[in-house]
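Notes follow the structure.
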Amino acid sequence: MDWARILTNVAGELIAPTTAAYALAAIGLNVHFGLTGLLNFGQAGFMLLGAYGFAISTIAGFPLWAAVLVAIACAVLFGLLLGIPTLKLRGDYLAIVTIAAAEIVRIVGRSTALTDLTGASSGLRGDSYKVTFQALSPFPDGTTTLGPFTYANNASNSWWIRIVGWLLVLLACLLVWRLINSPWGRVLKGIREDEDAVRSLGKNVYAYKMQALVLGGVIGALAGVVYVLPRAVQPDAMGRPMTFFIWTILLLGGAATVFGPVLGSMIFWGALMLIKTVMRDVVPATVMRTEQIEQFGWIVVGVTLMLLVIFRPQGILGDRKELAIDAR
Numbered sequence: 175m176d177w178a179r180i181l182t183n184v185a186g187e188l189i190a191p192t193t194a195a196y197a198l199a200a201i202g203l204n205v206h207f208g209l210t211g212l213l214n215f216g217q218a219g220f221m222l223l224g225a226y227g228f229a230i231s232t233i234a235g236f237p238l239w240a241a242v243l244v245a246i247a248c249a250v251l252f253g254l255l256l257g258i259p260t261l262k263l264r265g266d267y268l269a270i271v272t273i274a275a276a277e278i279v280r281i282v283g284r285s286t287a288l289t290d291l292t293g294a295s296s297g298l299r300g301d302s303y304k305v306t307f308q309a310l311s312p313f314p315d316g317t318t319t320l321g322p323f324t325y326a327n328n329a330s331n332s333w334w335i336r337i338v339g340w341l342l343v344l345l346a347c348l349l350v351w352r353l354i355n356s357p358w359g360r361v362l363k364g365i366r367e368d369e370d371a372v373r374s375l376g377k378n379v380y381a382y383k384m385q386a387l388v389l390g391g392v393i394g395a396l397a398g399v400v401y402v403l404p405r406a407v408q409p410d411a412m413g414r415p416m417t418f419f420i421w422t423i424l425l426l427g428g429a430a431t432v433f434g435p436v437l438g439s440m441i442f443w444g445a446l447m448l449i450k451t452v453m454r455d456v457v458p459a460t461v462m463r464t465e466q467i468e469q470f471g472w473i474v475v476g477v478t479l480m481l482l483v484i485f486r487p488q489g490i491l492g493d494r495k496e497l498a499i500d501a502r
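According to this note's numbering, the sequence shown is numbered sequentially starting from 175.
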């Protein structure tokens, strides 16, 4: 078994654009759940809307900054439409509504009536909306090797996407750190623990929840932009499984922590790559085919989520006292 190759693949997964995108999405979910206690199971909907907003506006001729603003505006609008009728719900009811809303976004995106706009189930090709982002790169065309890693400078899955993606993760972590230690963040924590007590102090709980929902959704939309830069915008790729992967990442690293989502994303994708790579080398094709090994990797993810919730719901970096699931 070539352990050098295996470990190189795993290490490369730790800094991949997909890992950065999921870390960013988990940071947004952390604002919802970790800080405010909102059981949002529709983060993939925010990501898909951000991806569509960015891609469609770029194809329409918008510059990069305007396309990013469109993605943010889509998340804000979706957060408002979702939050106005639902934020008075608690626990399981909010979870059901949010996952249904995300599914509505996915189904509308793949509708044949919107083929000219969204590409329906086929989605939008990556080369149709990446030009403005790649044009902003300060790197020359070609490839660059750093240690064991060799990637293109500006194409899909490039160093440029990695740098931008992880810079956004760093900025999001800084923002969450400031919020956790701000009066606004302390009110959110109070809502998470006992919203009736916060309401008795004269705080507008509904407004704070709405602010948290929109802010976390905006971070999720930016994660959607990062996620589709190395690939195409495909609605079925951002469905229910993506939301559960984000929840696994958040619970793995630790909710209500600054770097928990980042650590969770790295461990999640690194471990998944390790499992798949080792099994491809060890398990004979007569026992388990390549596609079956892929499915087995996701089975491991499901079992991991179950064990996390049962034995360590606070995650690796989390504090059990910080974890509050309001199921009233």
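Every residue gets a Cβ at the ideal spot worked out from N, C-alpha and C, and that includes glycine.
Asked                                                                                                     : Found
Integer Cβ distance of Val399 from Ala245, believed to fall under 8 Å                                     : 6 Å
contact_flag[the segment 359 to 371, the segment 440 to 449] where n(CB pairs < 8 Å) is 3 or more         : no
Phe323 (DSSP reduced to helix, strand or coil)                                                            : strand
Alpha helix (DSSP H) segments (min. 4 residues) lying fully within the segment 275 to 351                 : 289 to 292, 305 to 309
Buried versus exposed call for Val477 [16 or more other C-beta atoms within 10 Å across all chains shown] : exposed
Residues near Gly427 in its chain [Cβ-Cβ closer than 8 Å; skip 5 each side]                               : Ala200, Phe433, Gly434, Pro435, Val436, Leu437, Gly438, Ser439, Ile441, Gly489, Ile490, Leu491, Gly492
Cβ-Cβ distance between Gly216 and Thr272 below 8 Å                                                        : yes
Contact set for Gly297: own chain, Cβ-Cβ below 6 Å, skip 5 residues either direction                      : Ala406, Val407, Gln408
Distance, Leu348 Cα to Arg494 Cα                                                                          : 23 Å
Exposure label - Val361; buried when at least 16 CB within 10 Å                                           : buried
Inter-residue spacing [alpha-carbon to alpha-carbon] between Glu277 and Ala197                            : 22 Å
Where Val407 falls: helix, strand or coil (DSSP)                                                          : strand
Status (buried if at least 16 other CB within 10 Å, exposed otherwise) for Thr232                         : buried
Pro259 (DSSP reduced to helix, strand or coil)                                                            : helix
Test item: CB-CB of Thr422 and Leu344 under 8 Å                                                           : no
Three-way DSSP call (helix, strand, coil) for Gln466 in this model                                        : helix
Residue of Ala247, Gly283, Gly265, Met453 minimising C-alpha distance to Phe470                           : Met453
Assigned exposure category for Ile281 - 16 Cβ within 10 Å defines buried                                  : exposed
Three or more C-beta pairs below 8 Å linking the segment 250 to 269 and the segment 233 to 242            : no
Backbone CA spacing between Asn204 and Lys363 [nearest angstrom]                                          : 12 Å
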